[in-house]
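Only one structure is covered here, and it is reproduced in the block below.
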Amino acid sequence: GSEGQLGSIDLHLPHTPQENRWLTKYCKKAEYEILDICAGGFFNLVRTTSPFYIISWGAGTYGQLGKEYAWNDPRPSIVQGLTHVESMSAGRRHAMCIQKKDGKMNIFGWGYNSYGELGIGDCDMRLCPALMTAIPRAVPLQVSCGERHSVIVIGHHPIVAADEPHLKPYFDIIKEGVSSIVVKTLKADVKRKGIDPKLLDDP
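Quick note, my numbering runs 861 ahead of the 1-based positions in the sequence shown.
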């Protein structure tokens, strides 16, 4: 319990299972039920019922608590900016999760990243959840964090652009046999929304 990862337990009774009363009180006050729990190097994560938050506590010197600061905190609180979490994993000093929101699957990671374990294209530590964009057309099924690496299992069928709710209206217009000027205008609109316009070329 040296890093606060055991929460409110009495450290004078190290061999006796005890309730983390702070976590119980926190969940009871917010009317959350616990769905999953996982232990990292010196920190813990809990996934709650709707709206499917992640609660963390323990060591935070590498940002692994996902709370905009980098120090230890034995008191449980919500990881900032994350809802609709389907699964999660805690590594030695980092964590990752899969979010399903508005019909879209996203992978987020936070914490230590000196070995690129967050998969976001650099080796900078993240205090808050950062979106992984390396596999945008894949369906993530499971994520697992190790000491200095992460593994993601993805479905063998890519996401079909024409089936996505936010792209379907564009494909409906293109199917009508519109001119190249209209297609160019649609691509510009898609790009303004932060979506790759090349997706309109290949449904």
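We put the CB at the ideal spot given by N, CA and C, even for glycine.
- For the 8 Å CB-CB criterion, leucine 872 and glycine 865 do not form a contact.
- Following the DSSP letters along the chain, one finds isoleucine 1035 in no beta strand (DSSP E) but inside the alpha helix (DSSP H) bounded by residues 1029-1035.
- For leucine 988, the enclosing beta strand (DSSP E) begins and ends at 987-993.
- The shortest C-alpha to C-alpha distance from tyrosine 914 to any of Gln960, Ala931 and Tyr930 is the one to Gln960.
- Taking a contact as a CB-CB distance under 8 Å, the pair tryptophan 883 and arginine 936 counts as one, their CB atoms being some 6 Å apart.
- Contact check for leucine 1060 and valine 1044: beta-carbon distance about 12 Å, past the 8 Å limit, so the pair fails to qualify.
- A direct Cα-to-Cα measurement between valine 1012 and glutamine 879 gives close to 32 Å.
- Residue pairing from DSSP leaves serine 975 without any beta-bridge partner.
- When DSSP states are grouped into helix, strand and coil, alanine 931 belongs to the coil group.
- Between the C-alpha atoms of phenylalanine 969 and glycine 919 there is a straight-line separation of about 20 Å.
- As computed with DSSP, phenylalanine 913 is found in no beta bridge at all.
- Non-local beta-carbon contacts of arginine 908 in its own chain, meaning distances under 7 Å to residues more than five positions away in sequence, involve Leu896, Asp897, Ile915, Val946 and Met949 in chain order.
- Ranked by Cα distance from alanine 900, the first of Thr994, Asp1033, Leu867 and Asn967 is Leu867.
- By the C-beta criterion, the segment 1028-1043 is judged not to be in contact with the segment 1002-1019, since fewer than 3 inter-stretch pairs fall below 8 Å.
- The beta strand (DSSP E) runs lying completely inside the segment 866-908 and spanning 3 residues or more are 895-900, given in chain order.
- Secondary structure at leucine 943: coil, using DSSP grouped into helix, strand and coil.
- Just measuring C-alpha positions, the residue of Ser938, Gly952 and Val1000 sitting nearest methionine 966 is Val1000.
- For the pair tyrosine 930 and alanine 1022, the Cα-to-Cα distance works out to about 38 Å.
- In this chain, the alpha helix (DSSP H) harbouring valine 1043 covers 1041-1053.
- With contacts defined by Cβ atoms closer than 8 Å, cysteine 989 and glycine 927 form a contacting pair.
- Check the Cα spacing between isoleucine 939 and each of Thr910, Arg953, Asp963 and Arg954: the tightest is with Thr910.
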